[in-house]
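So the structure is just underneath, and the comments pick up after that.
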Amino acid sequence: MPTEVHSNGWALSRANATRVMNSVFARQVGSTMLAHWVTLVVSMGTAAITARWLGPYGKGQLSMLLLVPGILQLFLSVGMNIANAYYAGSGRLRVDELTANSMMFSLLGTAVAVVIVLLLWGSGVLSVLVPGVSTSYLLLGMVALPLSLLSGSLRGVLHGLRHILTLNILDIVQSVLRVLMTALFVACLGLNVAGALMAAVAIQAVGLIASGWCLRRKGARFWPRWNPQVVQPTLSYGMKSYIGNLLQFFNYRFDAFVVNFFLGPAGVGMYGVSVTLAELLWQLPNAASYVLFPKAANSTHETMNRVTPWVFWFTFAVSFVGAVGLALFGRLAIRIVFSSAFLNAYTPLLVLLPGVMLLGAAKILTNDIAGRGYPHYNSITAGMSLVVTVVLDLALIPTMGVVGAALASTLAYALTFLASVVFYISVSRKPSAGRASPVQVLPSCQ
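The sequence shown begins at 1465 in the numbering used here and counts up by one.
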């Protein structure tokens, strides 16, 4: 007899599961998975070029050079990309309102970034925060910051409109261009770290231009405008998501700073290989949660209670199989892709696998929660997890090295998983009152 759907949405009938698989949602997840894998394969080429031509030390430098502007972007975006996706998906704000608002916030963010960078550079704090990294290279990497701020906001609008195919194509094109530019600048022209940075900046520019072109066909306006009726809701939702994303980013990457402090860039380069391989398990969770978020913003709680549980369990099962495969063949993959110089990355990889698998499943729940309009629950989860990450990183990395960093991450990810389950059960029992009516999804920009 078919299983009934319980009030918390954890049980799902076979008929409902079939409808999920045959739906537009499933096709979007499939196309996103395909795009992610194509992008992944191409990106592995970029990683291989930087690893072989730059070595552990140079690769560690590059990781830190890209990490710093990435953190600034996260600080200065104030969650506008997530807010754009939510309000475009729910139909509560128009495309022209969201894009004009994005232009304004991106300009403000860029101005603040210039002041921050100049202060840090002039005071010498930059060299203290990232020892062993050239300041001139760091300033070069910062050129990508204003590009990524606006590009992220515009992609958020496309995401909310569920133009999944458009975004997937953009990702593939950008990854192909990046590996070609990296090969040209690093391998052919011998520009080393500077060449890799130049490729990263160029790719941000390509993504911005493409996103803007697609949205212009949907009525977008690219003249900044301060409209309180748009600023207030987007900033309110964005800040709720922003806090969680900020905390989760540090939860992901705080260990890189601690490893760099105690072990230097070579340690960061070694640990980066472990993280790169372990995060392969996030391909399906990332694809599913990416499509799930705008669907949750556009659907009733009852609909999501039929969809999310099946997606969760399917994702968890596939991630488990992937973890077993990485455990069996990870050493061989490291030798083939990154060279024997990185074989010490295998042990931390094994330690990371359980945590990465659990966090992948948690991504499904957190995106459902945010799409229903409760991003602050994810902020609470991320805050608890970050506390565990900081304490364990400082306790384990000095004595256990990169293995300690991996263990700290796994334990923090496990906490995130448990907290996400608790919050999801709570949210799934809430009624749909007060939500916007579903809106028609516009054709994709082809």
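Just so it is clear, CB atoms sit at the ideal spot from N, CA and C, and this is done for glycine as well.
All figures in this text were calculated on a predicted structure; none of them were measured in a lab.
- Taking C-beta separations shorter than 8 Å and ignoring five residues to either side along the sequence, the partners of residue 1610 in its chain run 1570, 1573, 1574 and 1577, following chain order.
- Take the alpha-carbon of residue 1859 and the one of residue 1876: they are about 14 Å apart.
- Straight-line spacing of the CA atoms in residue 1823 and residue 1551 works out to 26 Å.
- Exposure of residue 1677 is indicated by the presence of fewer than 16 other C-beta atoms within 10 angstroms of its C-beta.
- The beta carbon of residue 1522 is closer than 6 Å to those of 1657 in its chain, skipping five residues each way along the sequence.
- Unbroken alpha helix (DSSP H) runs of no fewer than 4 residues, entirely contained in the stretch 1705 to 1768, are found at 1747 to 1761, following chain order.
- For the 8 Å CB-CB criterion, residue 1634 and residue 1675 form a contact.
- The beta carbon of residue 1794 lies closer than 8 Å to those of 1741, 1810, 1813 and 1814 in the same chain, with the five residues before and after it left out.
- Counting other Cβ atoms within 10 Å of its Cβ, residue 1751 reaches 16 or more and is therefore classed as buried.
- For residue 1810, the enclosing alpha helix (DSSP H) covers residues 1810 to 1835.
- Taking residue 1559 as the centre and dropping the five residues before and after it, the same chain places the C-beta of 1552, 1621, 1625, 1679, 1682, 1683 and 1684 closer than 8 Å to its C-beta, in chain order.
- Contact check for residue 1503 against residue 1617 fails: the beta carbons are separated by 8 Å or more.
- With fewer than 16 other beta carbons inside 10 angstroms of its own, residue 1687 counts as exposed.
- A Cβ-Cβ separation of about 18 Å leaves residue 1530 out of contact with residue 1715 under the 8 Å criterion.
- Taking a cut-off of 8 Å on C-beta distances, the stretch 1793 to 1807 does not touch the stretch 1707 to 1722, as fewer than three cross pairs fall below it.
- For residue 1865, no alpha helix (DSSP H) encloses it, and the DSSP letter there is neither H nor E.
- When the alpha-carbon of residue 1709 is set against those of 1847, 1498 and 1496, the nearest one is in 1847.
- Using a C-beta cut-off of 8 Å, the stretch 1527 to 1543 makes contact with the stretch 1600 to 1608, since at least three inter-stretch Cβ pairs fall below that distance.
- Contiguous alpha helix (DSSP H) elements confined to the stretch 1631 to 1691 occur at 1656 to 1680, taking only those with 4 or more residues.
- From the listed residues 1738, 1782 and 1668, the smallest Cα separation to residue 1747 is found for 1782.
- Counting only runs that start and end inside the stretch 1542 to 1630, the alpha helix (DSSP H) elements of at least 4 residues fall at 1544 to 1554, 1559 to 1587, 1589 to 1593, 1599 to 1605 and 1608 to 1624.
- C-alpha of residue 1867 to C-alpha of residue 1786: approximately 21 Å in a straight line.
- Contact check for residue 1769 against residue 1892 passes: the beta carbons are separated by less than 8 Å.
- For residue 1739 and residue 1816, the gap between their C-alpha atoms comes out near 8 Å.
- When the Cα atoms are used, residue 1807 and residue 1870 turn out to be separated by approximately 15 Å.
- Non-local beta-carbon contacts of residue 1518 in its own chain, meaning distances under 8 Å to residues more than five positions away in sequence, involve 1525, 1526, 1650, 1656, 1657 and 1660 in chain order.
- Taken atom to atom, the span from the alpha-carbon of residue 1705 to that of residue 1652 is near 42 Å.
- Residue state for residue 1894 is assigned as coil, using DSSP reduced to three classes.
- Minimum Cα-Cα distance from residue 1541 among the listed residues 1662, 1648 and 1614 corresponds to 1614.
- When C-beta atoms of the stretch 1756 to 1770 are compared with those of the stretch 1831 to 1841, three or more pairs fall below 8 Å, so the two segments count as touching.
- Annotated as proximal: residue 1547 and residue 1701, with beta-carbon spacing under 8 Å.
- Counting the other Cβ atoms within 10 Å of the Cβ of residue 1873 gives 16 or more, which makes it buried.
- With a threshold of 16 other beta carbon atoms within 10 Å, residue 1727 meets it and is buried.
- Taking every protein chain shown into account, the CB of residue 1690 has fewer than 16 other CB atoms within 10 angstroms, so this residue is exposed.
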